[in-house]
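Here the structure comes first, spelled out in structure tokens, and everything after it is commentary.
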Amino acid sequence: MRRLVLVGVVAMLAGSAVQSSAKSGLNWGPAPPSLPKGAKIAVVSGNPSQPGPFVIRLRFPPGYTVPPHSHPADEYVTVVEGVVSMGMGSIADPDRLKVIPKGRSIIAPANMAHFASTTQGATLQISSRGPFQVTYVNREHDPRL
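Residues 1425 to 1569 (this note's numbering) make up the sequence shown, in order.
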């Protein structure tokens, strides 16, 4: 029950943040160095680098891939534009990919390894709790190294 209430609160916050940001526009910039180069980020609400709830949008260019990684908090992902394929697991197995079209959502539980790719490009909205951290399954996939 407590988890259901939390999901409802996050959805309400995300919905109101999207409405207010749509009126004022979003400020896009380079994604953090923890993600492969080429992605863009816009903060919708909160501060992903601080403790507490946040909502961000990530824009992935065509051909973009994020290798298997995890986050310390649940991640609620909604596809706002385009199509993304996501899979759960520590190996980027194409058989585990699920196509997620515009308007659909998926939850990546805390500490669950997952991976993503898009052939045509996509914009994702992510609701979670900060601080936002990305831990790659394989160190050699970490773009910060």
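Just so it is clear, CB atoms sit at the ideal spot from N, CA and C, and this is done for glycine as well.
Check, Outcome
"Can you tell me the Cα-Cα spacing of R1563 and P1486, whole angstroms?", "24 Å"
"Assuming R1483 is part of the beta strand (DSSP E), what are its boundary residues?", "1476 to 1484"
"Three or more C-beta pairs under 8 Å: does that hold for the segment 1465 to 1474 against the segment 1516 to 1532?", "no"
"Looking at the structure shown, is P1491 part of a helix, part of a strand, or coil, going by DSSP?", "strand"
"For S1509, which of G1476, Q1544, Q1557 has the nearest alpha-carbon?", "Q1544"
"Is DSSP giving R1528 helix, strand or coil here?", "coil"
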